[in-house]
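S.K.:
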Amino acid sequence: GAALSDEDLSTGWSPAGQATTGSVVLDLPRAQSFDQILLRENINRGQRVEEFAVDTWNGTGWVQAASGTTVGYSRILVLNAPVRTDRVRIRVLAARATPQLATVGLYRTVAPSSLSPS
């Protein structure tokens with residue numbers, strides 16, 4: 003998990019044995035609320051992910067929070083509502099070669115405040 007949060011594109015996660023599918027679970031130090039998920043691939047070796055899903059743990063099971071096709075250098079997924087969890091799972095469902103995820107980021111947007119005219 004630490005290699006996915008260091009923002010270094012040369013480190014990260016790949017499935018074992020040169021597989022083109024697989025999953026990685028991130029155990030967070032404590033439960034966090036987020037409504038955006040950032041994924042990055044090590045594109046120095048080419049864009050590889052063709053389909054993926056991101057799941058969150060609800061205490062008893064996994065719930066799919068988002069999914070997509072390509073990741074590339076940077077992909078931001080915006081959730082419909084904030085999620086609070088201490089575990090996140092990224093599943094690579096299809097790839098053209100062994101995927102190399104480099105970064106996972108979880109972000110919470112600030113609710114817009116009403117602006118008063120100046």
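Okay, so the sequence shown: first residue is 3 according to the numbering used here, each after it adds one. Even glycine gets a Cβ: it sits at the ideal position worked out from N, Cα and C. Because the structure is a prediction, the values reported are computed rather than measured.
(1) Would you check if there are 3 or more beta carbon pairs closer than 8 Å linking the segment 15 to 26 to the segment 81 to 88?
(2) How about asparagine 60 and leucine 11: do their beta carbons lie closer than 8 Å?
(3) If you draw a straight line from the alpha carbon of alanine 104 to that of alanine 67, how long is it in whole angstroms?
(4) Check glutamine 34 in the structure and name its three-state DSSP category.
(5) Kindly indicate the opening and closing residues of the beta strand (DSSP E) around valine 80.
(6) What's the call for glycine 14, buried or exposed, on a 16-neighbour Cβ count within 10 Å?
(7) Might you give, ordered along the chain, the residues of its own chain that have their beta carbon closer than 6 Å to the beta carbon of alanine 99, omitting 5 neighbours on each side?
(8) With distances taken Cα to Cα, identify the nearest neighbour of glycine 24 among Leu6, Ser69, Arg42 and Arg91.
(9) From Asp29, Phe36 and Pro31, pick the residue whose C-alpha is nearest to that of asparagine 2; which is it?
(10) Please classify serine 69: is it buried, with 16 or more other beta-carbons within 10 angstroms of its beta-carbon, or exposed?
(11) Taking all protein chains shown into account, do 16 or more other C-beta atoms lie within 10 angstroms of the C-beta of threonine 58, making it buried, or fewer, making it exposed?
M.R.: With the structure as the only source:
(1) no
(2) no
(3) 20 Å
(4) strand
(5) 77 to 97
(6) buried
(7) Arg50
(8) Arg91
(9) Any answer about residue 2 is impossible in this case: the structure gives the chain only from 3 up to 120.
(10) exposed
(11) buried
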